[in-house]
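In what follows, a single structure is set out as C-alpha cells and then discussed.
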Amino acid sequence: MKKLWTAALVGVLLLTGCSGKLTKQSTSSKTSESSRTAKKVNKSTNTTQSKSSNQVTPQSSSKSSKAATTLWNASKEKQLSAFMKSWQAKMGQTYQGTYDGKQPNHLGYIFPKAITSGEMNNRVSWGNQPVDLSWSTNGENGKEFQIVAAATGGKDGGESFPTSYLFCLHNQRPVVFMSQTTNGDTFYIQDTQNAELQAGFAKIVTGVKPAIKTDASLNADVEPAVNASPQRIPNGYNGTWYWMLDDDVETMKPLNIKDLKLSYADSITPKMLNIRGINQTAGAGDYEYLRYKYFDGQQIPVLMMGSGARAWFDGNGYRSRSVATQLKGFTYGDETKTREQDD
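Just so you know, our numbering puts 171 at position 169 of the sequence shown, and the rest follows in order with no gaps.
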C-alpha cells in the first residue's frame, strides 16, 4: 500500500526465538583480621588486654557500608525474591530464580553458569543487535550488560517451553529482559512488556518506582483533534517516524494537515486514527495507533501502522532510526492482522 505522505510499507515478520542458557557465579570475600599484642604496662596479677584485640576494625565496617551502597547487593536480592514470589502468584506462574539460590535451566542454559563460563559468548542477540552478557553480584563490574539475577519458568501446568527473565543493569540502568528461545544457536532477548515487572525491578535498584504510562494517555487527543474545526494532527502523532522496509530504513516525514482529512475508526479494535487525502474518494486510507512499549527498560511510543479495509498491519514506527533497525521484523503481539493472516 502507498502511504499518502511517503513510500510504501510492508508488514514486518514475527521475530522467532531460538535456544539459550546460564549459571550462578559464586563469589567469596575474604576479610582478614589482625590483632596486636599490647605491651604490658606492669607486672601486676591483672594483665592488661590489648585494645586492638577488642575493637571492631574500621576496615570491616567500611566494607559493609560499601556493600550497602552498591547498585546490587544481598539486601536487594532478598527484595527481588519477595517481589517475584508475589508477582508470580498473581500471574499464576512459577519461576525458579538465582535470588533464591536456585540454578534456573532454560533448555540447557543453566544460570548463572552459562554466563560465567562463557558458554553464551557470541550467542546472545537483543533484537538484531549482538550483545555480551556478564554476571555481577554488585552491579559494578564495569561491563555494559550486567546480569544480577535470572529466573526461568512459566504458567502453572502450561506449555513445556520455558520463559526466562534476566534482571540486568544496562549501563547501570535497570532492565528486565525476557527470552522464549526454543532452538538454534542464538539466544534472543527482548524487553519484557510486563509493566509491573519492569517497574518493580527498577524500584528495587533505584529506590523509586517509575510511573507506568498508559496507551490511553497517548491517544487522549485523537478524538478532539479529529472533531476540531479545522482539524489538526493529534498530539504525539506528528513528527518523524522510522520503520524497516525489507533491509532499508524508511522515514515518515511530518504530516501537513492541509493535505489530509482525518476520522476516528471506532469500529476497529483498537480505535485507530484514519488518514486519507483531502480529495480522496475511494480506498480505506491509512491507519495509525500509538502505544507505549518497553525498550531498554523505558517506555517509548511505538506507532502501529495499517492500511486497507481492515487496517491490515504494515509495520511499527519508532522515533529513533537505530531502534527501528535493531527491532526490524519484531512484533509485540497486539498488532492488527496482516493481509496474509486475514486470508
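Every residue, glycine too, gets a C-beta built ideally from N, C-alpha and C.
Assignment of beta-bridge partners to Lys295 by DSSP yields Ile302. For Met307 against Gly299, the beta-carbon gap comes to about 25 Å, at or over 8 Å, which does not count as contact. In the DSSP assignment, Lys157 falls within the unbroken beta strand (DSSP E) covering 147–157. When rounded, the separation of the alpha-carbon atoms in Ser269 and Gly331 is 27 Å. Collapsing the DSSP output to three states places Thr72 in coil. With the rule of 3 Cβ pairs closer than 8 Å, the segment 212–222 counts as touching the segment 282–300.
Rounded to the nearest whole angstrom, the CA to CA distance from Ala151 to Gly103 is 10 Å. Between Leu168 and Ile191 the beta-carbon gap is near 6 Å, inside 8 Å, which marks them as a contact. Taken through DSSP and simplified to helix, strand or coil, Tyr167 comes out as strand. Remark: C-beta atoms of Arg323 and Tyr244 approach each other more closely than 8 Å.
DSSP places Arg125 outside both helix and strand once states are collapsed to three, so it counts as coil. Around the C-beta of Gln131, fewer than 16 other C-beta atoms lie within 10 Å, and the residue is accordingly described as exposed. Restricting attention to Asp187, Gly279, Gly285, the CA atom closest to the CA of Ile259 is found in Gly279. In this structure, DSSP gives Pro106 a state outside helix and strand, which the three-state scheme calls coil. About 7 Å separates the Cβ atoms of Ala286 and Ser309, confirming a contact at the 8 Å cut-off.
Note that the C-beta distance between Lys339 and Trp314 is below 8 Å.
Relative to the Cα of Lys115, the nearest Cα in the group Gly209, Ile235, Tyr101, Trp137 belongs to Trp137. Residues Asn140, Gly141, Val150 of the same chain have their beta carbon placed closer than 6 Å to that of Trp74, with the five preceding and five following residues left out of the count. The beta carbon of Val207 sits closer than 6 Å to those of Pro176, all from its chain and outside the five residues before and after it, given in chain order.
Relative to Asp158, the option among Gly241, Gln90, Arg125 whose CA is nearest is Gln90. Shown here, Gly308 sits in a strand according to DSSP, grouped into three states. For Asn318, the enclosing beta strand (DSSP E) starts and ends at 314–319.
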